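Undergrad: Going by the numbering used here, the first residue of the sequence shown is number 118, and it counts up by one from there.
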Amino acid sequence: KGYFSPSGVGGTCKPENQCEDSSRNNCHRDAECIEENPGYSCKCKDGYKGDGINCKNVNECSNKTLNNCKSDQICVDTPGSYECRE
């Protein structure tokens with residue numbers, strides 16, 4: 118898996134880019150697909166945690182060390198990030 122034959126009949130196999138099309142890999146929608154030879158790996162995007170196949174939003178507002186909101190601002194968690202509001 119991870120290789121294909123350009124002629125479709127055999128011969129020299131070439132690496133298949135499984136990151137080109139999300140239907141060719143099992144990376145989570147909130148993860149990036151990283152092409153490897155052979156195959157691929159998945160890494161959760163910034164603001165998400167997990168193994169790349171399962172990614173969950175990090176609530177940056179749950180811990181003051183995860184955001185840079187000022188003491189007079191309200192931290193509002195957003196998908197993959199957060200906002201500091203007055």
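We put the CB at the ideal spot given by N, CA and C, even for glycine. These numbers were taken from a predicted model, which means no experiment stands behind them.
Whole angstroms is fine: what's the gap from Asp207's alpha carbon to Asp163's?
TA: For the chain, the structure presents residues 118 to 203; residue 207 sits outside this window and is missing.
Undergrad: Give every residue of the same chain whose Cβ lies closer than 7 Å to the Cβ of Asn134, excluding the five residues on either side of it in the sequence, and list them in chain order.
TA: Answer for Asn134: Glu152, listed in chain order.
Undergrad: Could you check the C-alpha separation between Asn176 and Ile191 for me, to the nearest Å?
TA: Approximately 14 Å between the Cα atoms of the pair.
Undergrad: Can you name, in chain order, every residue of its own chain whose Cβ lies under 8 Å from the Cβ of Asn184, other than the five neighbours on each side?
TA: Closer than 8 Å at the Cβ level, and outside the excluded window around Asn184, lie Glu177, Cys178, Cys192, Tyr199, Cys201.
Undergrad: Using the C-alpha atoms, what's the distance from Lys187 back to Ser140?
TA: Roughly 42 Å separates the two Cα atoms.
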